[in-house]
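Chemist: Residue numbers are given in the working numbering: position 491 of the sequence shown equals residue 1504, and the series is strictly consecutive.
The structure that follows is given in the form of structure tokens.
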Amino acid sequence: MNLLIGTTGFAIIAATKFEPFLKWKRESSYEKALTIARTENEKAHIMIALAMIAFKEGRIDNAKTLLFKCSMLKEPSVESLQALCALGLSKKDTTLTTAALNELFKHSDKINSTYETCLLSSGMFSLQANSLAVQRQAAKAVHSNPADPALWTLLSRLVPQHTPQMAEGGVVAGNIAEILSSHQTKNALLFSAANQLAAGKGTAANEQNNALKTIQKAVHLYPDDPAVWASLMAACHMEKTLSHLENTKPKRTTLEEMFVTTITTKVEAEKTMPTPYLQSIENWSLQQAATGLKEEGRHSEAEAFCTKVLKRHPDHPMVFLLLRQVQCEQLLLSQQRLPDPVLEELKKAVMSNFTSVTAWHWLAEVYKSQGLMIAAEMCYRQGLQLSSQHGNMNGKLSSLLRLALLALSLSTIKLQNNRWTSLVREATSEAQKISLCPLAGLFQALLQFIVKMGARETRRLLERVVYQPGYTESIASVGRWYLLRHLWAKNDDELITGITSKWQNEWRF
């Protein structure tokens, strides 16, 4: 969602700092002012304004040249270095961003606000795909300036996207920001809710402290903000997903089109927010509505909705892909084998969303359902490559785990082919380099079970899954089942009786 910051988002937020330099709209006015500027500081401010105009008009090289000249003045302007860094972020230029930031740190005594420095530093780490460093940079700034609500808000904003495993801390950061300043209330509520979504905090787990309650409060306070309504839509979708997982009846259904209508109305009425930001919120709501209908099995409604949207927005590749997905799933539900022309159409739809990792994952699942395992592997590898190129750690982790699961399923029937077993080991090892990944540990244990059920190493890996802290109950329960099968194969009835009694006593079996 757009509440979270991508690399470009860092640059947009940083660039808003320099809007006050734009007192006039005409470039000639600044050029005249530059000829009569008396001080280095005046020249710097005028050149920053000229650079911003050039940037807005798409003349990136001109903007870069002006900011370089500005940084070469006898008295370098801190603002020009910050603008140069923001420019580097917007163009995803790691070299420019790093150089500008290093130069900026040399003038740390002139920097009035820790917030801007923290924002730019976090942006640089995001550009380098170092998610943990993004969170640590914000946390470090917060600990150095605990009374600054803007820093607490920024920390809460960064956590769900870059370190979702720390979402509980992100909720706390948002709550503190709300307490420290009434000016941060809206953002604090939004980001706290985003963290609660990342942590899976639904109403079933806690009726008073959950994402839905937090967003409902934000909607009552800020009913005209489309981002608030988009967040409410996300919270309702999570509630339905949790109901499905817990096999309970969802309380809120058939809300998709209502949300889309409301968000579209709010976007059209909003005049102060950047147009690309508003468009991305509206696009997200359209995709989310179609996805929600599809996941509920309401395929005819989802198809009608996508068709209706495409009449208004014929050049909307993601909705076109969703339409093809709905049509494909209806064919799959009828147990029909997909003809080659249909598979080719699906591939074309995914190619029109070439940078979408989830689109490639979906196509891989279709290929798997048709028994085309090599084609599925290639799709997962494409998702992995895209994730790596764009610094998308969540996409990279998902691609690796899906690759490992595909290879694991083939390892059971193709033991003579070491390629699949090697792929499981390679993919899970890479996944564990990204983060503590219990699912990768489970896959490694299952592979060892497949290769040599009765081996001592099999027992060691399965016991790690069952007993090591950090593994969820669902993963541990799978580990317990396979550990019992391992012990049964070893005819170790005494140990089976002992550990099952222990699990029953711990209420874990």
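Note that CB positions come from ideal geometry on N, CA and C, so glycine has one too.
(1) Less than 7 Å between C-beta atoms, sequence neighbours within five positions excluded: which residues of the same chain meet that for Lys1409?
(2) Just how far apart, CA to CA, sit Pro1482 and Ser1442?
(3) Could you give the DSSP three-state label for Tyr1290: helix, strand or coil?
(4) Starting from Leu1109, trace the alpha helix (DSSP H) in both directions and tell me its first and last residue.
(5) Is Ala1417 helix, strand or coil when you go by DSSP?
(6) Consult DSSP for Lys1503 and reduce its assignment to one of helix, strand or coil.
(7) Based on Cα-Cα distance, which residue from Asn1407, Leu1452, Glu1281 and Leu1508 lies nearest to Leu1421?
(8) Excluding five sequence neighbours on each side, which residues of the same chain lie with their C-beta closer than 6 Å to the C-beta of Leu1245?
(9) When the Cα atoms are used, what is the spatial distance from Ser1412 to His1374?
(10) Rounded C-beta distance between Ile1049 and Cys1083? I'm assuming under 8 Å.
(11) What first and last residue would you give for the alpha helix (DSSP H) that runs through His1058?
(12) Can you grab the Cα-Cα spacing for the pair Met1286 / Leu1335, in whole Å?
(13) Ignoring anything shorter than 3 residues or poking outside the stretch 1221–1274, list the beta strand (DSSP E) runs there in chain order.
(14) Out of curiosity, what's the CA-to-CA distance linking Lys1153 and Asp1161?
(15) Suppose contacts are defined by Cβ-Cβ distances below 8 Å. Is Leu1167 in contact with Tyr1128 by that definition?
(16) Could you have a look at Leu1000 and say whether DSSP puts it in helix, strand or coil?
(17) Output the distance between the C-alpha atoms of Thr1513 and Arg1438, rounded to the nearest integer angstrom.
(18) Distance, Cα to Cα, Leu1497 vs Ile1509?
(19) Taking 7 Å as the limit between beta carbons, can you name the residues of its chain near Pro1327, skipping five residues before and five after?
(20) Answer yes or no: do Glu1252 and Pro1263 have a C-beta to C-beta separation smaller than 8 Å?
(21) Measuring straight from C-alpha to C-alpha, what distance separates Gln1301 and Thr1274?
(22) If you scan the stretch 1354–1415 from start to end, which runs of the alpha helix (DSSP H) of 4 or more residues do you find wholly inside it?
(23) Please check the pair Leu1100 and Cys1131, which I expect to be a contact at CB under 8 Å, by giving their CB distance rounded to whole angstroms.
(24) Taking Leu1047 as the reference, which of Lys1230, Leu1079 and Lys1069 has the closest Cα?
(25) So Ala1146 is in the alpha helix (DSSP H); what residue range does that whole segment cover?
(26) Taking only the alpha-carbon atoms, compute the straight-line gap between Cys1098 and Thr1111 and give it to the nearest angstrom.
(27) Can you check which of these residues, Leu1255, Ser1256, His1257 and Leu1268, is closest to Ala1243 by C-alpha distance?
(28) For Ala986, which option in Ala1440, Leu1306, Val1379 and Pro1236 has the closest C-alpha, if you only look at C-alpha atoms?
(29) Measure the alpha-carbon distance for Ser1134 versus Leu1102 and round it to whole angstroms.
(30) Where does Pro1330 sit, in a helix, a strand or coil, going by DSSP?
(31) Does the distance from the C-beta atom of Ala1314 to that of Leu1306 stay below 8 Å?
(32) Would DSSP call Met1466 helix, strand or coil?
(33) By how many angstroms is the C-alpha of Lys1361 removed from the C-alpha of Leu1526?
(34) Counting along the chain, where does the alpha helix (DSSP H) carrying Gly1213 start and finish?
Modeler: In short, the structure shows the following:
(1) Taking the sequence shown and counting its residues from 1, the one referred to as residue 1409 is at position 396. So the qualifying residues of the chain are Leu1397, Ser1400, Ser1401 and Ile1447.
(2) The residue you call residue 1482 lines up with position 469 of the sequence shown. The residue you call residue 1442 lines up with position 429 of the sequence shown. If I take the Cα positions, the gap works out to 19 Å.
(3) Taking the sequence shown and counting its residues from 1, the one referred to as residue 1290 is at position 277. In the structure shown, the three-state DSSP call for Tyr1290 is helix.
(4) Within the sequence shown, numbered from 1, the residue matching residue 1109 stands at position 96. Segment Thr1107 to Phe1118, the alpha helix (DSSP H) holding Leu1109.
(5) Numbered from 1 along the sequence shown, position 404 holds the residue referred to as residue 1417. Residue state, collapsed to three classes: helix.
(6) Taking the first residue of the sequence shown as position 1, residue 1503 is located at position 490. Of the three classes helix, strand and coil, the one that applies to Lys1503 here is coil, per DSSP.
(7) What you label residue 1421 is simply residue 408 of the sequence shown in a count that begins at 1. Among Asn1407, Leu1452, Glu1281 and Leu1508, the Cα nearest to that of Leu1421 belongs to Leu1452.
(8) Taking the sequence shown and counting its residues from 1, one reaches residue 1245 at position 232. Cβ neighbours of Leu1245 beyond the five flanking positions: Ile1228 and Val1232.
(9) Sequence index remark: in the sequence shown, residue 1412 carries index 399 (1-based). Sequence index remark: in the sequence shown, residue 1374 carries index 361 (1-based). The C-alpha of Ser1412 lies about 8 Å from the C-alpha of His1374.
(10) On the sequence shown, residue 1049 is found 36 positions in, with the first residue counted as 1. On the sequence shown, residue 1083 is found 70 positions in, with the first residue counted as 1. Contact between Ile1049 and Cys1083 is absent: CB atoms are separated by about 17 Å, not below the 8 Å threshold.
(11) Within the sequence shown, residue 1058 is the residue found at index 45, counting from 1. According to the DSSP assignment, His1058 belongs to the alpha helix (DSSP H) that extends over Glu1053 to Lys1069.
(12) Sequence index remark: in the sequence shown, residue 1286 carries index 273 (1-based). Sequence index remark: in the sequence shown, residue 1335 carries index 322 (1-based). About 28 Å.
(13) Qualifying beta strand (DSSP E) stretches: none in this window.
(14) Sequence index remark: in the sequence shown, residue 1153 carries index 140 (1-based). Sequence index remark: in the sequence shown, residue 1161 carries index 148 (1-based). In this model, Lys1153 and Asp1161 are separated by some 12 Å (Cα to Cα).
(15) For the purposes of this step, residue 1167 is taken as residue 154 along the sequence shown, with counting starting at 1. For the purposes of this step, residue 1128 is taken as residue 115 along the sequence shown, with counting starting at 1. Yes, the Cβ-Cβ distance between Leu1167 and Tyr1128 is below 8 Å.
(16) Any answer about residue 1000 is impossible in this case: the structure gives the chain only from 1014 up to 1522.
(17) By one-based count along the sequence shown, residue 1513 stands at place 500. By one-based count along the sequence shown, residue 1438 stands at place 425. Straight-line measurement puts the Cα of Arg1438 at about 30 Å from the Cα of Thr1513.
(18) Sequence index remark: in the sequence shown, residue 1497 carries index 484 (1-based). Sequence index remark: in the sequence shown, residue 1509 carries index 496 (1-based). Distance between the alpha carbons of Leu1497 and Ile1509 is about 7 Å.
(19) For the purposes of this step, residue 1327 is taken as residue 314 along the sequence shown, with counting starting at 1. Cβ-Cβ distances below 7 Å link Pro1327 to nothing in the same chain once the five nearest sequence neighbours on each side are left out.
(20) Position 239 of the sequence shown, counting from 1, holds the residue named residue 1252. Position 250 of the sequence shown, counting from 1, holds the residue named residue 1263. Contact: yes.
(21) Start at 1 with the first residue of the sequence shown, and residue 1301 comes out as number 288. Start at 1 with the first residue of the sequence shown, and residue 1274 comes out as number 261. Approximately 13 Å, taken between the alpha carbons.
(22) Listed in chain order, the complete alpha helix (DSSP H) runs (minimum 4 residues) inside the stretch 1354–1415 are 1370–1382 and 1386–1402.
(23) Here residue 1100 corresponds to residue number 87 of the sequence shown, with the count starting at 1. Here residue 1131 corresponds to residue number 118 of the sequence shown, with the count starting at 1. Incorrect: roughly 18 Å between the Cβ atoms, too far for contact.
(24) Start at 1 with the first residue of the sequence shown, and residue 1047 comes out as number 34. Answer by Cα proximity: Leu1079.
(25) Taking the sequence shown and counting its residues from 1, the one referred to as residue 1146 is at position 133. Per DSSP, the unbroken alpha helix (DSSP H) holding Ala1146 starts and ends at Ser1144 to Ser1157.
(26) Reading the sequence shown from its first residue, position 85 is the one you call residue 1098. Reading the sequence shown from its first residue, position 98 is the one you call residue 1111. Taking the straight line joining both Cα atoms gives about 8 Å.
(27) Walking along the sequence shown from the start, residue 1243 turns up at place 230. Ranked by how close their Cα comes to the Cα of Ala1243, the residues Leu1255, Ser1256, His1257 and Leu1268 have Leu1268 in first place.
(28) Summary: the structure shown does not reach residue 986, with the chain confined to residues 1014 through 1522, and so no result is reported for it.
(29) Locating residue 1134 in the sequence shown gives position 121, where the first residue counts as 1. Locating residue 1102 in the sequence shown gives position 89, where the first residue counts as 1. Rounded to the nearest angstrom, the two C-alpha atoms are 10 Å apart.
(30) In the sequence shown, residue 1330 corresponds to position 317, counting from 1. In this structure, DSSP gives Pro1330 a helical state, which the three-state scheme calls helix.
(31) Counting from 1 along the sequence shown, the entry for residue 1314 is found at position 301. Counting from 1 along the sequence shown, the entry for residue 1306 is found at position 293. Sequence inspection shows Glu at residue 1314; the Ala mentioned does not correspond to that position. Yes; because the gap between Cβ atoms is below 8 Å, this pair is in contact.
(32) Position 453 of the sequence shown, counted from the start, is the residue given in the question as residue 1466. In this structure, Met1466 counts as coil in the three-state DSSP scheme.
(33) Nothing about residue 1526 can be reported from this structure: the residues present for the chain run from 1014 to 1522 only.
(34) Here residue 1213 refers to the residue found at position 200 of the sequence shown. In this chain, Gly1213 is not harboured by any alpha helix (DSSP H), its DSSP state being neither H nor E.
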